[in-house]
Every structure is written in structure tokens, then in C-alpha cells.
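Worksheet for the structure shown next.
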Ligand code: ADP
Ligand code: MG
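In my numbering, the protein residues as written are 31 to 616.
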């Protein structure tokens, strides 16, 4: 039985805890939903089971729309972390309960129970009471009970949660065996990546209510698309690098091109690179490195963990600036995590304080267009204050990236054309009477994105996305997808047809919306909703923003003049909304 979710959204107190989740779980597949506590996994699982209604979207089981079908009629089996067995009933009665309710004959019930107890390796335990069983055995009974009525879908919510490590592993193996033997479509929720790796055909990673990525475990580990998945699934060092026409560079060091995967090589820009601890090579001299040279460094700390040695190495020789975040989430420390195998340790024994040459065997560049932030203001104090703006600080923390501060009194003058872009990442300015003009200047100087922040901002619940023409479409979608992974807000693409557009233009308008939605989904893994409006672009956007203060606008432009000439009133509105301007010229 396949499971299909189409833009499923569930809100509590107006906030989406499951946000536009679309997903297809294949017949017989073992799918694991992985994410930190509070990311919406249980809510999504309960929606599939029919225990929670949804506010938006559809749920189908094998092509049958069950969005409004009761839990009992969905044919799913459920196991929870604390799925309390009926205390006063024997194992046999617990398992047979659902069959009794369904009026199955005693002899058939007995046969089915024997079969299930064999399946979960509890033969002969029929007459025990739950109190006479270990926690692991109780969960086995819970699994048998969930399977008794032959559901076609099995849903498990942190079923190993309360068990100790060894029992967990045994139960894990049993569940995998049962799942294979029955070929039952299974969704399991966990916050434990090791568990996800051990069980899943595919893993879906959730954060802030969104399903960020969904793929085979090895693919997700080797080629994550987002920094969240890169750092949640295994350990990762995040580094800032520059993508140039000659390849990836850290500071002035070009990284061995063979080690680097190709990404979009349009304009030169800052990128976020993932360096796994096991892909770092250490050597006593630069010549002895087999892999591409990254920097010199010094061993700071070593932890011996048996099979591998785990250490932190301080980057030196100009590469310090590249370090964004270590696996412990510590940012800007210039420390990277390295793991070495026994043979590597024997070949080059190390102790804290030792100098080393650092090489990288493999680096993975994330497709995210949002690498870091640079705050601009005319006065030092204003720049400092802006860099601590709650919305910006929240974004930077979520993105594990840095906010640099640029004091620049010349935002009202355009530099000589051809001057080298002095910008990295997203430029940030405070909203004010001059902000449209300042955005224009920053864009003309080479910024690709500018974030404009009013002094007081309500946490955005809704993000409006619009591009003025087709040129910045792709970049705007990419930026939106990246931003939305870090904000628990709903995304709406607003398509606007000009006033007096003929009836004939409408289907075309609707097509554009659908194309935008599928492009966002296919290329950027972003789910968004769409709305079609008719009228003047600025008026429509202003009207929609005026509906509530908890909105943010992402606006794609291909021409910087439109900001001052047409959109000025959006920048000067009071109290105003945060706006992210994305600029790509034709
Ligand atoms: P997870 O299983 O990933 O830990 P949940 O789906 O349990 O996450 O919860 C996601 C978010 O929704 C949490 O912030 C939680 O507090 C909130 N939430 C869950 N159920 C309810 C509810 N019945 N009422 C209000 N908020 C809820
Ligand atoms: Mg949960």
C-alpha cells in the first residue's frame, strides 16, 4: 500500500507545526521520518493514521483519498513509544483484542496470535502479563498487536525510545525482519540518526515542520542539499568558500578541483561547503598530503573512542576565516573536527599542540544561495544594533552562519563601474526612508540579495514570494527555499496578472503558478502554495502585506531602478515588513 501526502499542513494556535509536506512512500517501503524533537514528526504520523485532522492538503492510501476517513477505517497499525498494553490482559488477549472486536472466530484468532508471536520472537509467552515482560518484550507485543488485523500500513512513533541500547538493537532487527517478511509499508518516526540509518530504505529529514530532504541514507549522507541535513545526519564541518570560474577556493587556497563537485558556475560567489571529519587528511608536511591542501593547523584536542580517534584541529595560515561551524555547533572558532582510523593514527601519531598540514579528500558544496550575512550601516553603533536584530540573529543561528559588520557611509553613492564586488553573502540594511535607494546601490555594487529589516518585526508566519519578471525566477525560488528551511512560516507564491488582462490570459496565469510550484518542488525541494491576483503589482503586494504584520516579502527583480521608481512605497510603509530583494540581471 503506498502512502501519498500532498501539501499537508497542520497548525496549532495559527502556527504550522507540519508545513506543506508532500511525500510519497512506496508499496512495501520502510520510510523513516527523522528530525529533532518538536519538528512535527509525530503530528505528521498522527495525520497519516487519522488521529489528527489536517488544515490543508490531502492524504491518500494506495490512491484512495483518506483525508476525511476515520482512523479505524484507514487500515493502519500503530505502535507508540509508550503504547501501554492492557495491563490486566495476558499477551494473548492483548494481541487478540483487535480480532475479537472484529468478531474473528476463536480458532482463527489463536492461529493468528501464534503466527504473530513467532514473527516477533515471543513464542510461548502467550499467558504472561505485561508486568512479567521486559520493556523490549512489551514493545514486541505492541508490534504484534498492531499487526493483528493485517493492516497494510504500519506506523511506529519512537518505538525504541524507552529501551536501553542492546535491547533497542535487537528490537530494531526484529522490526526490520517483520517488515521484510510481511512486505508492509512502514513509516517510523525517530530523532536518532543511527536508528534511521539502520532501518530505512529512505529517510525523510524534518525540521520546523518542513520535510527538508528525502532520499536513500547513503545519498543523504554523501550529498545533502541543506546545511541542516548535512549537520544532523552525521558530523560535518561547514566552511565558507568562494566559487570562482577556476573552482572552489578557501581564502587564497584553491582546493583540488578533482575533490570538488561541480556546482553552478555563473557569477563568482560565496558558497557553503561540507567537510566530513573522515574526509580530512593530516600529514607532517605539505608534500606528504595525498589529498588537496587546505591549510596548516595545530592539534587542539584528541579524544580516543576505540575504533577511531576524534580530534579538533585549529585552522591557521589564513584559513581561519573559512570555518563556519563545527559539529558541536560552535561557530567562528576556526576549529574543525577530524576523525582518523587506527592505521592513520599509527602512520602519523599526534598529540595536542602538534603542528599539522591539513588536506581534504572530498568536499561537498551545498546548493544554498544564502551563505552568510553582511550588515551595512553608516555608523558603527547602528551596524552593531542591526547585526543583533532578532530576525537576523535567528536566521544566522539556524543557518549556522556568520553576520559580518560593514560600516559604510557611502550607501547613497554608486562606486565606479567595474570595481571589484566587496560583498559576501546577503547584504542587510535597516528599513528607512532611503532604503529603496540603498538596496539599489548595494545591488549595483554586486550584491545578489539584500535583506531590509524594520526595527520591530513580528516573527513571520507567512512568506510572500513574487518576481517582477522571469529573469530572477530561478534565483528567487532558490533563495526562498533556503530561507524557508530556517523560518517556521508558510510560503505563498503570488502571481499577478495586469488589470484588464483578457479572460484568455487567465489560464496562462494559472499555468505560470503551477509551473512555479513544480519548479520549486523539483529543483529546490520547496513546497509552496500559490495565489493568482489581478491588478497593479505594487498595489496587490501592498494590499496583501497590509493584511497582517507577521509577513515577509521576497521580491525578485532584474532591474534595480524598479525599486525606487515602483516599489518605494513598500520600503517606506510604517511599521513595515521585512523584505528580501533578490536581483539577477538578464
Ligand atoms: P516531534 O514528534 O517531532 O517531536 P510533534 O509533532 O510532537 O514533534 O510536535 C510539533 C510541535 O507541535 C511542537 O512544537 C508541539 O509542541 C506542537 N504540538 C503538538 N501537538 C500539539 C497540540 N495538540 N496542541 C498544541 N501544540 C501541539
Ligand atoms: Mg514525537
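Don't be surprised by glycine CBs; every beta carbon is placed ideally from N, CA and C.
Helix or strand or just coil, what does DSSP make of residue i?
i           : result
residue 500 : coil
residue 536 : helix
residue 92  : coil
residue 116 : coil
residue 560 : strand
residue 66  : coil
residue 197 : helix
residue 287 : With a pLDDT of only 46 at residue 287, under the threshold of 50, the placement of this residue in the model should not be trusted, and no figure is reported.
residue 279 : strand
residue 56  : coil
residue 233 : strand
residue 410 : helix
residue 610 : strand
residue 227 : helix
residue 520 : strand
residue 389 : strand
residue 308 : helix
residue 204 : helix
residue 419 : coil
residue 313 : strand
residue 584 : strand
residue 100 : coil
residue 3   : Nothing in the structure corresponds to residue 3, since the chain is present only between 31 and 616.
Rounded to whole angstroms, what is the Cα-Cα separation between residue i and residue j?
i           : j           : result
residue 257 : residue 243 : 11 angstroms
residue 115 : residue 187 : 15 angstroms
residue 41  : residue 397 : 30 angstroms
residue 385 : residue 317 : 15 angstroms
residue 123 : residue 199 : 27 angstroms
residue 376 : residue 338 : 12 angstroms
residue 309 : residue 332 : 17 angstroms
residue 202 : residue 225 : 8 angstroms
residue 134 : residue 191 : 33 angstroms
residue 473 : residue 590 : 7 angstroms
residue 107 : residue 537 : 43 angstroms
residue 321 : residue 105 : 54 angstroms
residue 390 : residue 142 : 56 angstroms
residue 449 : residue 476 : Below a pLDDT of 50, predicted positions are generally treated as unreliable, and residue 449, at 47, falls in that range; no measurement from the model is reported.
residue 112 : residue 34  : 27 angstroms
residue 427 : residue 255 : 18 angstroms
residue 273 : residue 327 : 23 angstroms
residue 330 : residue 155 : 54 angstroms
residue 220 : residue 74  : 12 angstroms
residue 298 : residue 437 : 23 angstroms
residue 541 : residue 565 : 18 angstroms
residue 179 : residue 147 : 14 angstroms
Between which two residues does the alpha helix (DSSP H) holding residue i run?
i           : result
residue 598 : 598–602
residue 76  : 71–79
residue 595 : 591–595
residue 133 : Looking at the DSSP string, residue 133 is not in any alpha helix (DSSP H), and its letter there is neither H nor E.
residue 175 : 165–177
residue 479 : Per DSSP, residue 479 belongs to no alpha helix (DSSP H); it is in the beta strand (DSSP E), 479–483.
What residue range does the beta strand (DSSP E) around residue i cover?
i           : result
residue 258 : From DSSP, residue 258 is part of no beta strand (DSSP E) but of the alpha helix (DSSP H) over 257–262.
residue 433 : 433–437
residue 240 : 240–245
residue 37  : 33–42
residue 342 : 338–345
residue 333 : 322–334
Would you mind sorting residue i into buried or exposed? The rule is 16 or more other CB atoms within 10 Å of its CB.
i           : result
residue 182 : buried
residue 613 : buried
residue 168 : buried
residue 556 : buried
residue 372 : exposed
residue 529 : exposed
residue 300 : buried
residue 95  : exposed
residue 131 : exposed
residue 85  : exposed
residue 71  : buried
residue 367 : buried
residue 49  : buried
residue 550 : buried
residue 499 : exposed
residue 553 : exposed
residue 288 : Confidence in residue 288 is poor, its pLDDT being 46 and thus under 50, which makes the residue's placement too unreliable to answer from.
residue 597 : buried
Problem - For the ligand ADP, residues whose Cβ lies under 5 angstroms from any non-hydrogen atom - result: 42, 47, 67, 68, 69, 70, 71, 72, 73
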